[in-house]
Amino acid sequence: MYLVKHFYEQHSKYLGLVLLAGSAGLSRKINKAEVHRPGLSLTGYLKGFVPARILIFGKQEIEFLRELEPEVRMERLSSILTPSTPAVIVARGFPPPKELISACDKANVPLFRATSTATNLLSRITFLLLEEFCPSVTLHGTLVEVFGVGVLIQGESSVGKSEAALGLIERGHRLISDDVVRVKRKEGPYLVGSGPELTRHLMEIRGIGIINVAHLYGAVCVRPDKGIDIVVKLEEWDDQHFYDRVGLDDKFIDILGVSVPFHLLPVKPGRDVVLLLETIGLNHRLKDMGYNSAKEFNTKLLETIAKRQKKRVGIENRA
Amino acid sequence: MKIVRKVKVKNSLGLHTRPAASIVKLLQPRKSAVQFTHKHETINARSIMSILMLAARKNTVIEISVEGDDAELTMQHLVDAFESEFGEK
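Residue numbers (this note's numbering), protein chains in the order written: chain A, 1 to 319; chain B, 1001 to 1089.
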């Protein structure tokens, strides 16, 4: 549940918010990632008015209110300050009309003043709220950046996710989070993973214990968040399973409704997982640049076969 | 088989590193999949870092979900560990 007080605590500095009235309503809920300039609603036209949006008063709203008779002003304001209105923000540091202050106090709707313009507030607050309300999930896995590609390593406990990540860090790649990854779905859609604040950049390695990677290898080896480009699942080598041998068909996995390229990577002694993960990362970059090694080779092969076929037909016709 | 139960963190320091390690240790020989839910966060109980991330203080409630053949026994061991305050009593 996201309350006005959380929004105020987190963003008051960034938006330059000052609480002016209606402090009793600070525990109102924000349910929608939407902000609204009530211009038309102030004229008394309320058809289609969505009450659960944060209201922003810009210069025009303030000027318009000033021109109204005091009773009308009060009446129009009371009609838009509904029980589900989260908050009212007055832009550009304008002093709000007396009626707005008293209406907010009466209806227990928090009233703020902000420094920036109404348009600026509309976009900034929409962005902040979208960020807050975006779907998220906590996954078991390790997120690393390999050659700039975000790789989420998954697999059963003790399959060697952390060890693989440690190997990658040692080779100059970066750790985002070990064991627990918070994944958010951003507008686009695309996925961004980060580590929980408390255990950020910490790893648990069996036989050693908890280590702090940022301290051991330096700031260059970590980063706070990263888009998830590929998911690699490590699993113990299973002789019964037929693993991908050509790479012609891309596999995908669904995370929060976004499909992400997926690789199943079997692990057994003698297979250098770190090197394999690097190769997957590089191959992904190559594919992103429009070059698919497997497909390119297959096209070349088909052409060669077709050429031979033609030659053969030519020889047969001559004979 | 799946069992879900709620337990209270009773030891005064909460779920810190040692209790987390003892939970992971007692789960090692067990086959079931074990998850803890605390404050809308669901994590894999076999991962120390995940348990630590919860930073559960004393008197908070943790929902334990165990699924697998040895679910009953696993749940019993876990509940006993929480009850005995991970030997910190």
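Glycine included, C-beta positions come from ideal geometry on N, C-alpha and C.
Going along the chain, which residues of its own chain have a beta-carbon closer than 6 Å to the beta-carbon of residue i, five neighbours each way excluded?
i                      : result
residue 1057 (chain B) : 1014
residue 111 (chain A)  : 20, 21, 22, 88 and 104
residue 86 (chain A)   : 4, 28, 30 and 54
residue 133 (chain A)  : 33
residue 1006 (chain B) : 1061 and 1063
residue 262 (chain A)  : 231, 251, 252 and 253
residue 130 (chain A)  : 33
residue 81 (chain A)   : 103, 107 and 109
In terms of residues, what are the limits of the beta strand (DSSP E) holding residue i?
i                      : result
residue 193 (chain A)  : 190-194
residue 1037 (chain B) : 1033-1038
residue 1064 (chain B) : 1061-1067
residue 203 (chain A)  : 202-205
residue 259 (chain A)  : 258-267
residue 184 (chain A)  : 180-186
residue 1006 (chain B) : 1002-1008
residue 209 (chain A)  : 209-212
residue 166 (chain A)  : Here residue 166 (chain A) belongs to no beta strand (DSSP E); instead the alpha helix (DSSP H) covers 161-170.
Is it buried or exposed for residue i, if we count other Cβ within 10 angstroms and need 16 for buried?
i                      : result
residue 158 (chain A)  : exposed
residue 73 (chain A)   : buried
residue 103 (chain A)  : buried
residue 1074 (chain B) : buried
residue 1086 (chain B) : buried
residue 57 (chain A)   : buried
residue 154 (chain A)  : buried
residue 229 (chain A)  : buried
Could you check where the alpha helix (DSSP H) with residue i kicks off and where it finishes?
i                      : result
residue 309 (chain A)  : 293-318
residue 60 (chain A)   : 59-67
residue 10 (chain A)   : 4-15
residue 117 (chain A)  : It is not in any alpha helix (DSSP H) - residue 117 (chain A) carries neither H nor E in the DSSP assignment.
residue 109 (chain A)  : Per DSSP, residue 109 (chain A) belongs to no alpha helix (DSSP H) and is neither H nor E.
residue 288 (chain A)  : 273-288
residue 1072 (chain B) : 1071-1083
residue 199 (chain A)  : Here residue 199 (chain A) belongs to no alpha helix (DSSP H), and DSSP marks it neither H nor E.
residue 1027 (chain B) : 1017-1027
residue 80 (chain A)   : 70-80
residue 40 (chain A)   : That residue, residue 40 (chain A), is in no alpha helix (DSSP H); it is neither H nor E in DSSP.
Does the distance between the C-beta of residue i and the nearest non-hydrogen atom of the ligand GTP fall short of 8 Å?
i                     : result
residue 217 (chain A) : You won't find the ligand GTP in this model; it holds no ligand whatsoever.
Starting from the C-beta of residue i, find all residues in its chain whose C-beta is less than 8 Å away, skip the five residues before and the five after it, and write them out in chain order.
i                      : result
residue 265 (chain A)  : 232, 233, 234, 235, 273, 276, 277 and 280
residue 1054 (chain B) : 1015, 1036, 1038, 1039, 1041, 1043 and 1062
residue 147 (chain A)  : 173, 278, 281, 282 and 285
Skipping 5 residues on each side, what residues in its chain have a beta carbon closer than 7 Å to that of residue i?
i                      : result
residue 7 (chain A)    : 30
residue 95 (chain A)   : none
residue 1046 (chain B) : 1024, 1027 and 1034
residue 212 (chain A)  : 201 and 202
Does any residue of chain A have a CB that is nearer than 9 Å to the CB of residue i?
i                      : result
residue 1072 (chain B) : no
residue 1060 (chain B) : no
residue 1056 (chain B) : no
At least one CB of chain B closer than 9 Å to the CB of residue i: is that the case?
i                     : result
residue 135 (chain A) : no
residue 97 (chain A)  : no
residue 210 (chain A) : yes
residue 168 (chain A) : no
residue 269 (chain A) : no
residue 238 (chain A) : no
residue 213 (chain A) : no
residue 194 (chain A) : no
residue 131 (chain A) : no
residue 304 (chain A) : no
residue 140 (chain A) : yes
residue 179 (chain A) : yes
residue 198 (chain A) : yes
residue 358 (chain A) : Residue coverage of chain A in this structure runs from 1 to 319, which leaves residue 358 (chain A) outside it and unanswerable.
| said: With a threshold of 8 Å, are at least 3 pairs of Cβ atoms found where one atom belongs to the stretch 186-202 of chain A and the other to the stretch 243-262 of chain A? | reply: In short, these stretches touch, since the Cβ pair count reaches three.
| field | Touching by the beta-carbon criterion (3+ pairs, under 8 Å), the stretch 232-250 of chain A and the stretch 192-209 of chain A | value | Here the stretch 232-250 of chain A makes no contact with the stretch 192-209 of chain A; the two share fewer than three CB pairs at distances below 8 Å.
| Quick one: any contact between the stretch 164-183 of chain A and the stretch 24-41 of chain A, if contact means 3 or more CB pairs under 8 Å? | No, they do not touch.
| request: Below 7 Å between beta carbons is the criterion; list the residues of the stretch 1032-1053 of chain B that meet it against any residue of chain D, in chain order. | output: Here the protein chains are A and B, and chain D is not one of them.
| request: Would you be able to state if there are at least three C-beta pairs under 8 Å between the stretch 10-20 of chain A and the stretch 48-67 of chain A? | output: no
| At a cut of 8 Å, does the stretch 1070-1089 of chain B reach the stretch 1015-1033 of chain B through at least three beta carbon pairs? | Between the stretch 1070-1089 of chain B and the stretch 1015-1033 of chain B there are three or more C-beta pairs closer than 8 Å, enough to call the two in contact.
| message | Three Cβ pairs or more, each shorter than 8 Å: is that satisfied between the stretch 289-297 of chain A and the stretch 169-186 of chain A? | response | no
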